[in-house]
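J.: Before we start, here is the structure in question, set down as structure tokens.
Protein chains: 2
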Amino acid sequence: MEVLDQVSGKWSIGILVAAAHGPVRFTELERTVNGISRRMLTLTLRRLERDGLLVRKVYPTVPPKVEYTATSAARELFGPLTALTEWAERHRTTIAQARHVYDLENAEKGSAAG
Amino acid sequence: MEVLDQVSGKWSIGILVAAAHGPVRFTELERTVNGISRRMLTLTLRRLERDGLLVRKVYPTVPPKVEYTATSAARELFGPLTALTEWAERHRTTIAQARHVYDLENAEKGSAAG
DNA sequence: CAGGATCCCACGGGATACTG
DNA sequence: CAGTATCCCGTGGGATCCTG
């Protein structure tokens, strides 16, 4: 799905949920979205703005102040997004175990389906 | 979210929904999941199998037959996934327009906020 | 039919330095 | 404070050829 490409990407979701509860500032996001670099924050913000999921409001003060606000389209995303992350939470250990088992079985390359 | 990384990737979702309605065969997926290459089909199937979202069943016949079936964990994903794709569908044109507008505004680099 | 192996490119994304 | 610019690398993914 082409439209979901922007929701994918390592940071979009994190930024969106960070902006869920009202306007957020750049530096605020930098602290909130854990592990994100300045560069990726900027790039992802630009993409989300371009897709109409965030509105960027600049206050021409000094020092500068920029606020990002989730649009209604973005807010409609929060439901599905929450469902998805909750699923991930529920199945995290299950998936980890599945990976472990799979890796073990495929370590012994000559395994006869034992 | 680390666990969602596998759901991301260009093809995982497409493959999962293709396997939603029962077991599917390799070639069947190759036709169903539009635009996927043999290579990515194999790789993505392996990843989904490793994460316990698909079960791979081999019938030792000639010619070979391999069936992929969604696990219960994967089936629990369909709800959230559907919600997400429906959101994408609802907002597809909106997003396209937003992009268009954004691109126009940023084409005139010297624009003084019109 | 259902893959595996190899090559090769595009792009996502981190690190770092500079700016209005 | 809120960016932009540059460099550089890992990997996602397409094309093509080979195989049990």
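Order-wise, the sequence lines are chains L and C. According to full-length UniProt numbering, the first sequence holds residues 1 to 114 in order. According to full-length UniProt numbering, the second sequence holds residues 1 to 114 in order. Note that beta-carbon positions come from the ideal geometry of N, C-alpha and C, so glycine has one too. Being a predicted model, the structure only gives us computed values, none of them experimental.
How would you label Asp51 (chain C), buried or exposed, when you count the other beta carbons within 10 angstroms and need 16 or more for buried?
T.: Buried, since its Cβ has 16 or more Cβ neighbours within 10 Å.
J.: Check the Cβ-Cβ distances between Pro63 (chain C) and every residue of chain L, and say whether any is below 7 Å.
T.: No, Pro63 (chain C) does not count as interfacial toward chain L.
J.: Compute the Euclidean distance between the alpha carbons of Val24 (chain C) and Leu53 (chain C), then round it to the nearest angstrom.
T.: Their Cα atoms are separated by approximately 14 Å.
J.: With respect to the alpha helix (DSSP H) encompassing Thr94 (chain L), which residues constitute its N-terminal and C-terminal limits?
T.: Thr94 (chain L) -> alpha helix (DSSP H) spans 72-107.
J.: Output needed for Ala18 (chain L): all residues of its chain with C-beta closer than 7 Å, excluding positions within five of it in sequence on either side, in chain order.
T.: Here the set comprises Val24, Leu29, Thr32, Val33.
J.: Can you list the residues of chain L that Trp87 (chain C) reaches, using a CB-CB cut of under 8 Å?
T.: Neighbours of Trp87 (chain C) on chain L, chain order: Glu76, Leu77, Pro80.
J.: Identify the continuous beta strand (DSSP E) that holds Val55 (chain C) and give its terminal residues.
T.: Residues 54-59.
J.: Exposed or buried, which one is Thr93 (chain L) when buried takes at least 16 other CB atoms within 10 Å?
T.: Exposed, since its Cβ has fewer than 16 Cβ neighbours within 10 Å.
J.: Which residue from C:Glu49, C:Leu4, C:Leu84 puts its Cα closest to that of Asp103 (chain L)?
T.: Nearest of C:Glu49, C:Leu4, C:Leu84 to Asp103 (chain L), Cα basis: C:Glu49.
J.: Contact criterion: CB-CB distance below 7 Å. Does Gly52 (chain C) meet it with respect to chain L?
T.: True, the Cβ-Cβ gap to chain L drops below 7 Å.
J.: Rounded to a whole number of angstroms, what is the C-alpha to C-alpha distance between Phe78 (chain L) and Ala20 (chain L)?
T.: The straight-line gap from Cα to Cα measures roughly 8 Å.
J.: For Val58 (chain C), which residues of its own chain have a beta-carbon under 6 Å away from its beta-carbon, when the five flanking residues on both sides are left out?
T.: Correct list, in chain order: Val66.
J.: Counting along the chain, where does the alpha helix (DSSP H) carrying Ala18 (chain L) start and finish?
T.: That run of the alpha helix (DSSP H) goes 12-18.
J.: Strictly below 8 Å CB to CB, what residues from chain L border Arg99 (chain C)?
T.: Arg50, Asp51, Gly52, listed in chain order.
J.: May I have the straight-line CA-CA distance separating Pro80 (chain L) from Phe26 (chain L), to the nearest angstrom?
T.: Using only the alpha carbons, I get a separation of about 25 Å.
J.: For Ala20 (chain C), decide whether its Cβ has a neighbour in chain L, counting only Cβ atoms nearer than 7 Å.
T.: So, not an interface residue.
J.: Given that Ser8 (chain C) touches chain L, what residues does it touch there, using C-beta distances under 7 Å?
T.: Chain L residues near Ser8 (chain C): Ser8.
J.: Considering Cα atoms alone, identify which of L:Ser8, L:Ala107, L:Arg56 is closest to Gly22 (chain L).
T.: For the residues L:Ser8, L:Ala107, L:Arg56, the minimum Cα distance to Gly22 (chain L) belongs to L:Arg56.
J.: Would you mind working out which of L:Gly9, L:Thr69, L:Thr85, L:Glu105 sits nearest Met40 (chain L), comparing C-alpha positions?
T.: Among L:Gly9, L:Thr69, L:Thr85, L:Glu105, the Cα nearest to that of Met40 (chain L) belongs to L:Gly9.
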